[in-house]
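Number of protein chains: 2
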Amino acid sequence: MNMDIAAVNALPYEDFVDILGNVVEKCPIITAAVWSGRPFLSLAALEAAISEFIDALPESEGILRCHPDLAGRDHQSGSLTRESHDEQAGSGMGALNSGEASRMARLNQEYKERFGFPFVICARMHDKENILRQLSARCQNERAVERARGIEEVKKICHLRLQSLVLTDSRL
Amino acid sequence: MNMDIAAVNALPYEDFVDILGNVVEKCPIITAAVWSGRPFLSLAALEAAISEFIDALPESEGILRCHPDLAGRDHQSGSLTRESHDEQAGSGMGALNSGEASRMARLNQEYKERFGFPFVICARMHDKENILRQLSARCQNERAVERARGIEEVKKICHLRLQSLVLTDSRL
Chain A
141 MNMDIAAVNA
151 LPYEDFVDIL
161 GNVVEKCPII
171 TAAVWSGRPF
181 LSLAALEAAI
191 SEFIDALPES
201 EGILRCHPDL
211 AGRDHQSGSL
221 TRESHDEQAG
231 SGMGALNSGE
241 ASRMARLNQE
251 YKERFGFPFV
261 ICARMHDKEN
271 ILRQLSARCQ
281 NERAVERARG
291 IEEVKKICHL
301 RLQSLVLTDS
311 RL
Chain B
141 MNMDIAAVNA
151 LPYEDFVDIL
161 GNVVEKCPII
171 TAAVWSGRPF
181 LSLAALEAAI
191 SEFIDALPES
201 EGILRCHPDL
211 AGRDHQSGSL
221 TRESHDEQAG
231 SGMGALNSGE
241 ASRMARLNQE
251 YKERFGFPFV
261 ICARMHDKEN
271 ILRQLSARCQ
281 NERAVERARG
291 IEEVKKICHL
301 RLQSLVLTDS
311 RL
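Those protein sequences? They're chains A and B, same order as listed.
Following this note's numbering, the numbering of the first sequence begins with 141 at its first residue and continues without gaps.
Following this note's numbering, the numbering of the second sequence begins with 141 at its first residue and continues without gaps.
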């Protein structure tokens, strides 16, 4: 489904949240909050409202903790959200060989123990080799750097999820 | 399951969110955010941290829009969260006669059209007659009054959900 922004603006909040509620993983409250700001002039304006809400949260690590590990337990048990499943599959997380899988598990654990939130990356923009390389490198960062970097990645994921649901205004 | 606050404080964030993530309906981000504030001295301190996070949100209607209607479409389709299902069942929402069901549906719709968010009430504290009476009366309020009232009810629901999961400290 691909709606234009006028159709999005016309949605009652229940449909708005049903359709757009997971543009930030497991955070329908964000979509539900920005509905108050309708009408949006463009998809970019809707995306900006979401980004502003995220930046105004009293604490930003909570969003990161709502994200699953890449190739982690939700992936293995089949309990990923549809969006996350498709993104992880597209970046090869379902096709790790046993050496890659154990390296991913070890680095994910190291990252979580160091920072208290999971490694978040916009998987659609990377392949599995690149993801493993970045995970390894980002384990070395400071916590504040990773907190900000994780939120940047959340916004990239949100951007791509929005684009899969709402038509970009061609006049912009 | 009923853990004491020391056991709660010892949980990794993934288990903390798995167990406590729905104390505010469909808002695991709230639970995930307050994990940063461990250790909590008591259940009351954990509840206060959640309440403070809610009050510090840049927009408060989003939380309300994450709640289902009482005896509404999620109830009928069986897609309620476990917590909401049990609460609605306990207050008799599964046992409305046809007159009550149509009155509930009509008043829910009137409320949503007037305010742009659903009627939220701590169902465990009321029976079906009382809920219908309050829904009818609250439809007459101002939007700002209902926004604040809805958030109060969210906190009452959270209080009871927390009590069903975490032991109250008997020394307090």
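Glycine included, C-beta positions come from ideal geometry on N, C-alpha and C.
- For the set B:Gly234, B:Ile291, B:Asp226 and B:His225, the Cα lying nearest the Cα of B:Phe257 is the one of B:Ile291.
- Three or more pairs of CB atoms, one per stretch, sit closer than 8 Å, so the stretch 180–193 of chain B contacts the stretch 144–156 of chain B.
- In summary, the residues of the stretch 168–192 of chain B whose CB is separated from some CB of chain A by less than 9 Å are Pro168, Ile169, Ile170, Thr171, Ala172, Ala173, Val174, Trp175, Ser176, Gly177 and Glu192, in the order they occur in the chain.
- Interface criterion not met: the Cβ of B:Val163 is under 9 Å from no Cβ in chain A.
- Using a CB distance cut-off of 9 Å, A:Arg205 counts as an interface residue toward chain B.
- Residue environment for B:Asn237: exposed (fewer than 16 other C-beta atoms within 10 angstroms of its C-beta).
- Annotation for A:Phe193: the continuous alpha helix (DSSP H) segment containing it runs Leu183 to Ala196.
- Take A:Val294, set aside five residues on each side of it, and the residues of its chain with a beta-carbon closer than 8 Å to its own are Val164, Glu165, Ile194, Ile203, Leu204, His207 and Val260, in chain order.
- Residue range Arg283 to Leu305 is occupied by the alpha helix (DSSP H) that includes B:Ile297.
- For A:Ala196, the C-beta contacts it makes with chain B under 7 Å involve Pro198, in order along the chain.
- For B:Glu269 and A:Asp155, the gap between their C-alpha atoms comes out near 29 Å.
- Separation of A:Ala211 and A:Ser304 (C-alpha to C-alpha, rounded to the nearest whole angstrom) is 23 Å.
- The C-beta of B:Glu292 comes no closer than 9 Å to any C-beta of chain A.
- From the listed residues B:Gln249, B:Ala245, B:Met233 and B:Glu223, the smallest Cα separation to B:Leu300 is found for B:Glu223.
- Nearest neighbour of A:Ala150 by Cα position, chosen from A:Leu247, A:Pro198, A:Arg178 and A:Arg254, turns out to be A:Arg178.
- As a beta-bridge residue in DSSP terms, B:Met143 pairs with B:Val306.
- Comparing C-alpha distances from B:Met265 to each of B:Ile169, B:Asp226 and B:Leu220 shows the shortest one belongs to B:Asp226.
- Cβ-Cβ distances below 7 Å link A:Ser191 to Lys295 in the same chain, with the five nearest sequence neighbours on each side left out; the list follows chain order.
- Look at B:Glu250: its C-beta is not under 9 Å from any C-beta on chain A.
- Annotation: B:Gly230 to B:Ala263 spans about 8 Å, alpha carbon to alpha carbon.
- The Cβ-Cβ distance between B:Lys252 and A:Pro168 does not fall below 9 Å.
- Leaving aside the five residues that flank B:Phe255 on each side, the residues in its chain whose CB is nearer than 6 Å to its CB run, in chain order, Arg283 and Glu286.
- Listed along chain A, the residues sitting closer than 8 Å to B:Val157 by beta-carbon distance are Arg205 and Cys206.
- According to the DSSP assignment, B:Val157 belongs to the alpha helix (DSSP H) that extends over Tyr153 to Leu160.
- Of the other Cβ atoms in all chains shown, fewer than 16 fall within 10 Å of the Cβ of A:Gln216; this residue is therefore exposed.
- The CB of A:Glu201 comes closer than 9 Å to the CB of Tyr153, Ala172, Ala173, Trp175 and Ser176 in chain B, given here in chain order.
- Taken in chain order, the unbroken stretches of alpha helix (DSSP H) that lie wholly in the stretch 231–259 of chain A and span 4 residues or more are 238–255.
- Nearest to A:Thr308 by C-alpha distance, out of A:Leu181, A:Asp214, A:Val174 and A:Asp209, is A:Leu181.
- Per the C-alpha coordinates, the member of B:Ser176, B:Leu160 and B:Asp267 positioned closest to B:Gln228 is B:Asp267.
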